[in-house]
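All remarks here apply to the structure that follows.
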Amino acid sequence: MTLFAAAGLGLVIGVILGGLGGGGAILTVPALVYLLGQSPQNATTSSLIIVGATAIAGAAGHARAGNVRWRTGLTFGVTGIAAAVAGSFANRHVPPRILLLGFAGLMVVTAAGMLVQPRRGERAQPPPATTRPVTGRSAGTVEQTHDAEGTRTRTTVKIVAAGLVVGFLTGFLGVGGGFVIVPALVLVLDLPMPAAVGTSLVIIAINSLASLAARSGYEHVDWATTVPFALAAMAAGSAGKKAAAHVPEKIATRAFAVLILLVAAYTIVRTVSVS
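If you want it as structure tokens, here you go:
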């Protein structure tokens, strides 16, 4: 029974991860804890295996379609490695109750962000350039160069900050962080949605592998549950990618946000009631 339950849950997570480029892991840990009976610490480790394997399979498919920006993905992912290791270390020293409440809080924040985020076509446009007095062509060129350098610096700072946050969350809570990565790639780097989804899967894979390496040797893995869960999720990833092409993004995102809120509420109630 556990085998079939794990495989069924894996199918659901795979469809979500393949279609949205992230978010599946935020349901993986509660599913492992409340439906499959794992401890919170073990569930975060199993989640890293499941989400990492699914991300690798999904990234391969997106790469074949040309939807991966490798330089961006590798830079973002490498930035978060140290934070992922730190998050894995912190995970060992946090009581299970606090871990679950922290996870529920993250779910609420994530769902709220999904519900209020503007549609890509409604993103704020940059303010019109103001007219500044220049003394000649060379002065204008210098000014444009300074503006471009300032923009690149701000973009780099935002990407590094997002990479550190995602890396720590991956290590600490066992989540891939696609719900942070995809908006960052779309809004900060102006990537089209297919490229943002494909690139996010590369980043998720890097952070998951780094977190697993940091946990090796001290965390127990229930392979009888984790393997069928991961295999089913990998198989369903391509189905999620195809399904996403036929469902309006706004509807899919909001429906998923409501589901996350319901799971968060259940997690809080269960955690508080047994304390």
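Under the numbering used here, residues 829 to 1103 are what the sequence shown spells out, in order.
Here a beta-carbon is modelled for each residue, glycine too, at the ideal position from N, C-alpha and C.
Note that this is a predicted model, so its numbers are computed, not measured.
- In the same chain as A912, and ignoring 5 residues on each side of it, the C-beta atoms closer than 6 Å to its own belong to G995, T998, G999, N1035, A1038, S1039, in chain order.
- In chain order, A1092, T1095, I1096 place their CB closer than 6 Å to the CB of A932, counting only its own chain and leaving out the 5 sequence neighbours on each side.
- Put simply, of P1076, A1063, L1090 the residue whose alpha carbon is nearest the alpha carbon of V840 is A1063.
- Look at V994 here: in three-state DSSP terms it is helix.
- Taking the Cα of I878 as reference, the smallest distance to any Cα among V1003, F832, A887 is reached at V1003.
- Membership of H890 in the alpha helix (DSSP H) is indicated by the continuous run 868–892.
- Of Y1046, F1057, A940, the smallest CA-CA separation from H921 is found for Y1046.
- In this structure, the straight-line span from the alpha carbon of G836 to that of P1020 is close to 31 Å.
- A direct Cα-to-Cα measurement between I1031 and T903 gives close to 9 Å.
- Annotation: K986 to V937 spans about 19 Å, alpha carbon to alpha carbon.
- In this structure, DSSP gives R920 a state outside helix and strand, which the three-state scheme calls coil.
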